[in-house]
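This report refers to the structure that appears directly beneath it.
Protein chains: 2
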Amino acid sequence: MKKRPYRNGEMWDFEAEIMKPQHQQQAVILGLDGGTTSTVCVCVPFKIDSEDGPLQPEEPPSVLARAVAGCSNHNSVGETAARETLERVMAETLSKAGATRSAVLAVCLAVSGVDHSTDQYRILNWLRQIFPSHVRLYVQNDSVAALASGTMGKLHGCVLIAGTGTIAYGYTEDGRQARAAGAGPILGDWGSGYGIAAQALTAVVRAHDGRGPQTTLTESILHALDLSSPDELIGWTYEDPSWARIAALLPYVVSCAEAGDQVANGILLDAVQELASSVKAVVQRLGLCGEDGMNHFPLVMVGGVLEANKRWDIGKEVVNCISKDFPGALPIHPKVEPAVGAALLAWNFLMIQSRKDALRS
Amino acid sequence: MKKRPYRNGEMWDFEAEIMKPQHQQQAVILGLDGGTTSTVCVCVPFKIDSEDGPLQPEEPPSVLARAVAGCSNHNSVGETAARETLERVMAETLSKAGATRSAVLAVCLAVSGVDHSTDQYRILNWLRQIFPSHVRLYVQNDSVAALASGTMGKLHGCVLIAGTGTIAYGYTEDGRQARAAGAGPILGDWGSGYGIAAQALTAVVRAHDGRGPQTTLTESILHALDLSSPDELIGWTYEDPSWARIAALLPYVVSCAEAGDQVANGILLDAVQELASSVKAVVQRLGLCGEDGMNHFPLVMVGGVLEANKRWDIGKEVVNCISKDFPGALPIHPKVEPAVGAALLAWNFLMIQSRKDALRS
């Protein structure tokens, strides 16, 4: 099938077939989590009481519709392609939910690559052209949605994301924010899936050329990659140095560590220290732990490295390490995905707004 | 000027203008050092005594002509482009020397990316089509030329190369060889110029986000790159992650260390350990130090990281570190470039051959 050229508007044709007038449609919220690997959009129903205004969101909120697309990071694919992906996945989600844009109360786009308010404003201005003027629009970095996925939409606490890459992001109740790591592998994100796997590959090369101790990682990784000698790892690595491809070796490192391999254990222990130090840096800078260091704060844990849930549980070790310094850290493994976190974020913004409006009237 | 399409042979047209018959021309050797950044070819005169055969090469041998071209690593630019570059730079060198291919006694091509004997044979077969049948042809990895540049062509000892990348290569007198590192930055070449600079960039990011101590590297590197905040380093790094661009930050790390910065000093001390461990691994595996660990062996030191020759002298520290384990290491900073090393290698091969021929007759 030939790909149709992108024509703004054509993707919204489905709306003409939705017969219900706006006031009969259920009010909905769109939450979108846009990463470098994929983009997920969800549509959730928004509950309003005729007298009290917005209701607290249920836990976890029901998802009316969900759609998935590719990369929407403008740094990776360019502005035009990123925008087409974002608009298309939102249209698909609403189409699946049988709702028009008029039924939408709020949209929260949480996309990677949004680091400055200039990024935020650029995306907001573009989004404004798609949705009717009554729709509230919010644009955030994707780590904010990850935090919100664990706090039911409340922007407070610290989130640690450790998948292919890693970042720690924190928010205070009065709106201050801080981050640590998230600078990519060249700039030292060592606790990430990529970082752990690259250390393991390095350990195999070092064992082979005599710089390091022997390790079962050699047999395990060569077998996994169908290679016959560590020399071949050089070719394998540089043939396609994509971070996700290397990060995919993480389970072999965990297995070797569980089987007692010293080198693999050392790599995972280092990663635990690295990940914990990112969180500690954020907590310290924001004072999330209070003056005496004992205050409670949510610590949301997201990403494949922290969810392994094996005997060697990286996430659990990271929490232990953080708790020694900050016993008030309340670890949360979110039950919903970050796209739902984005929707909850929009929900929360709407509630705050309605409270402000009520005070004013 | 329009670039002429490559037509095999046309580059050798100059030979028709050299009037001297072959027996009146001086016998010469071609030495070529082909790397990922550039390719250097030199032509040196070969001295023969009519009775004793080849004479020992002078120290250092005079260079009749020299030509430079771009990358000739077949992994980087492909086989066809690599061959055209190699042939063209050899033709240019001979043309400058006023010599024809008939005057050449031997050619040594030392090119990066030659790691297996299959690579060697492929290049030898191609080279055979360019030169008359009397010309002796040798193909080696470029690190072999670097070793030869310090040993007057003798294949014995260990060479440590530390420029943008790093590798240690060793040879025994009976022809065994071993290498360590040289696997690129993903696989842990930490003592390289790239490795040192990447650690420094990481230290700046860590100081900024609270994971690491403050360091003067921040001011020094941001000033050098004309950036105003460590946040901008992320964009700078991934905009063009070429290893040489990052490695070029090395002098700032050395300056900060010399001025007493603890973090910069730590990075350089780690690099020293890394570089020394590559050499130690090679020496150990080959037994270059003899059974009691006290034997003398040449240790050739090549590359920008080892030639800094500042107050903080990385090369000197590496030698100190190696000498503790292997007091017989004889450090050599070559007076000639690796292309001359390649020519010396060919010279040495010729002498060995002539001795063998003499024994046979």
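So the protein sequences, as listed, match chains A and B.
Per UniProt numbering, the very first residue in the first sequence carries number 1; after that it's consecutive.
Per UniProt numbering, the very first residue in the second sequence carries number 1; after that it's consecutive.
Glycine is no exception: its CB is placed at the ideal position from the N, C-alpha and C atoms.
Using DSSP with H/G/I as helix, E/B as strand and the rest coil, what is residue i?
i              : result
D292(A)        : coil
L275(B)        : helix
G315(B)        : helix
G341(B)        : helix
P5(A)          : With a pLDDT of 48 at P5(A), under the threshold of 50, the modelled position of this residue cannot be trusted, and the question is left open.
L249(B)        : coil
R136(A)        : strand
residue 362(A) : Shown here, chain A extends from 1 to 361; a query on residue 362(A) therefore has no answer.
L306(B)        : coil
L227(B)        : coil
P334(A)        : coil
P213(B)        : coil
M19(B)         : coil
A197(B)        : helix
Applying the criterion that 16 or more other CB atoms from any shown protein chain within 10 Å of the CB defines a buried residue, is residue i buried or exposed?
i       : result
K3(A)   : Reliability of the predicted coordinates at K3(A) is poor, the pLDDT of 44 falling under 50, and the value obtained from them is presented with this limitation in mind. Classification for K3(A): exposed.
Y252(B) : buried
R176(A) : exposed
D209(A) : buried
E79(B)  : exposed
M19(B)  : exposed
I48(B)  : exposed
E232(A) : exposed
R101(B) : buried
S95(A)  : buried
A224(A) : exposed
Tell me residue i's beta-bridge partners as DSSP assigns them.
i       : result
Y33(A)  : Correcting the residue identity first, residue 33(A) is Asp in this sequence and not Tyr. DSSP lists V40(A) and A110(A) as partners of D33(A).
V68(B)  : V40(B)
C158(B) : G170(B) and L299(B)
Q177(B) : Y171(B)
A329(A) : F297(A)
D49(A)  : G53(A)
V144(B) : Bridge partners of V144(B): none, in fact.
V28(A)  : P45(A) and V104(A)
Hey, how far is the Cα of residue i from the Cα of residue j?
i              : j       : result
Q353(A)        : G182(A) : 31 Å
A257(B)        : D226(A) : 44 Å
I322(A)        : V272(A) : 10 Å
residue 362(A) : N73(A)  : Past the boundaries of the shown model lies residue 362(A); chain A is included only from 1 to 361, so the question cannot be answered.
V114(B)        : T36(B)  : 12 Å
T202(A)        : G188(B) : 5 Å
P54(A)         : E17(A)  : 29 Å
V159(A)        : E307(A) : 14 Å
G98(B)         : V204(B) : 54 Å
A346(A)        : P57(A)  : 11 Å
E317(A)        : L286(A) : 23 Å
A145(A)        : W243(A) : 22 Å
E291(A)        : G328(A) : 12 Å
R360(B)        : L109(B) : 28 Å
P5(B)          : E84(B)  : At P5(B) the pLDDT is 48, less than 50, meaning the model places this residue with poor confidence and gives no usable figure here.
A248(B)        : R88(B)  : 29 Å
I186(B)        : A343(B) : 33 Å
M1(A)          : L86(A)  : Its pLDDT being 39, under 50, M1(A) is placed unreliably by the model, and the measurement read from it follows with that caveat. Computed Cα separation, rounded: 22 Å.
F14(A)         : Q129(A) : 18 Å
Q199(B)        : G165(B) : 14 Å
A259(A)        : I123(A) : 49 Å
D261(A)        : T216(A) : 6 Å
H156(B)        : P331(B) : 13 Å
Please determine, among the options, the residue with the shortest C-alpha to C-alpha distance to residue i.
i       : options                               : result
P338(B) : L269(B), H156(B) and D142(B)          : D142(B)
R136(B) : R360(B), S361(B), A358(B) and M351(B) : M351(B)
F349(A) : R211(A), S38(A), V139(A) and C41(A)   : V139(A)
K154(A) : F297(A), E10(A) and G9(A)             : F297(A)
V302(B) : G163(B), Q26(B) and P45(B)            : G163(B)
M119(B) : A276(B), Y171(B) and A82(B)           : According to the sequence displayed, residue 119(B) carries Asp and not Met. For the residues A276(B), Y171(B) and A82(B), the minimum Cα distance to D119(B) belongs to A82(B).
A67(A)  : F46(A), D49(A), T93(A) and R128(A)    : T93(A)
R179(A) : I167(A), K335(A) and T215(A)          : I167(A)
I196(B) : P230(B), P132(B), L32(B) and A264(B)  : A264(B)
H333(B) : I29(B), V63(B), P45(B) and T151(B)    : T151(B)
C41(A)  : V63(A), V300(A), D52(A) and S255(A)   : V63(A)
A207(B) : A224(B), W190(B), G193(B) and S229(B) : S229(B)
M112(A) : T39(A), M90(A), L217(A) and P61(A)    : Going by the sequence as given, residue 112(A) is Ser instead of Met. Per the Cα distances, T39(A).
V254(B) : G193(B), L32(B) and A148(B)           : G193(B)
D270(A) : G191(A), V336(A) and S149(A)          : G191(A)
D325(A) : G304(A), I29(A) and M294(A)           : M294(A)
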